[in-house]
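Let me begin by presenting the structure, written as structure tokens, before commenting on it.
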Amino acid sequence: MLLGTLGLGALGVIAAPPLQRGLESFLAGASEKDPTGLTGLLPNGGGFRYYSVASSVPHKNETNYRLTIDGLVDHPRSYTLAELRALPQTRLVHDVQCVTGWRVPGTPFEGVRLSRLLDAAGVRSSAGAIRFTCFDGTYTESLTLRQARRADVLVALRMQDKPLGHNHGGPVRLYVAPMYFYKSAKWLSGITVTEDVRPGYWEDRGYDVDAWVGRSNGRDDAPTS
Ligand SMILES: Nc1nc2c(c(=O)[nH]1)N[C@H]1C(S)=C(S)[C@@H](COP(=O)(O)O)O[C@H]1N2
Ligand SMILES: [Mo]
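Residues are numbered in the numbering used here as their position in the sequence shown, beginning at 1, plus a constant of 4.
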């Protein structure tokens, strides 16, 4: 059953060394692992762990990066990096919290409010959710439309007051401040407005679709609905 849900990216992960450990942790319950073995080796990790469910991810920059907004909108379009940079930027500082336990306090993220892009696209009344896709070709995420319109949800271009580097999902990642970090899809390339929530990559593997970080983390402004 579990193996039946394996995507190509996950196969890449368990095929990567150390194969035995990766396979064991996967079979132990589809938990996150260190797919590359790079954790702890990355300089300036600053408490972050590198995660990618895809074994290799293309690099994108000013010339070839595009973010597409489509689905249940009146004005589907795509943005270049320069176009995103030209929009008003919002800077937020919160703790980053991975659901596996590691945490990076007080991390600045900066970018365009997702609500601004949705308003510009003209979301249709039949819409209820957003599906996010990534140029790693594998990872997906989801939010309800109500969650997506929160002021603390960004299409992030900067982290720690620097342009978002490739390892952290640059040039553009989703940043969902009030939720566990798996909601913050790296290498963001598509925002599709849908009728209903379609669970994302880890959510298909057992993670909560509503991933509010608990009160123990000091952020208790999450609605309980
Ligand atoms: N595209 C993509 N986004 C992703 C992931 C991933 O594997 N692929 N992992 C998620 C998880 S579980 C975490 S904890 C963070 C890790 O972000 P970092 O690599 O910048 O530390 O990215 C999230 N977004
Ligand atoms: Mo995570």
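Ideal Cβ positions, reconstructed from N, Cα and C, are used throughout, including at glycine.
Given the structure is predicted, the values throughout are model-derived calculations rather than measurements.
For Glu66, no beta strand (DSSP E) encloses it, and the DSSP letter there is neither H nor E.
Below 8 Å, enough C-beta pairs join the region 193–209 and the region 144–156 to call them touching: three or more. One Cα belongs to Ser82, the other to Lys187, and the distance between them is close to 22 Å. Going by beta carbons, Val77 and Ala125 fall inside the 7 Å limit.
Annotated three-state conformation of Glu87 is helix, per DSSP. Remark: the shortest separation between the CB of Cys102 and any heavy atom of ligand 2 falls under 6 Å.
With contacts defined by Cβ atoms closer than 7 Å, His172 and Met163 form a contacting pair. When the beta-carbon positions are compared, Gly218 and Thr72 stay at least 7 Å from each other. The Cβ atoms of Val197 and Ala131 lie closer than 7 Å to each other. If you look at Gln101, you'll find it in the beta strand (DSSP E) that goes 94–101. It is roughly 6 Å from the alpha-carbon of Arg117 to the alpha-carbon of Val159. Counting C-beta atoms within 10 angstroms of its own C-beta, Ala215 has 16 or more neighbours from the protein chains shown and is therefore classed as buried.
By the 16-neighbour rule on beta-carbons within 10 angstroms, Glu114 is buried.
According to DSSP, residue pairing for Thr198 in a beta bridge involves Ala133. With contacts defined by Cβ atoms closer than 7 Å, Thr111 and Val100 form a contacting pair. For Ala160, the beta-bridge partners assigned by DSSP are Gly115, Arg177. Counting of Cβ neighbours within 10 angstroms places Thr137 among the buried residues, the total reaching 16 or more. Comparing alpha carbon positions, the residue from Ala155, His98, Thr67 closest to Thr84 is Thr67.
The residue among Asp165, Val103, Ser56, Ala58 with its C-alpha nearest the C-alpha of Val97 is Asp165.
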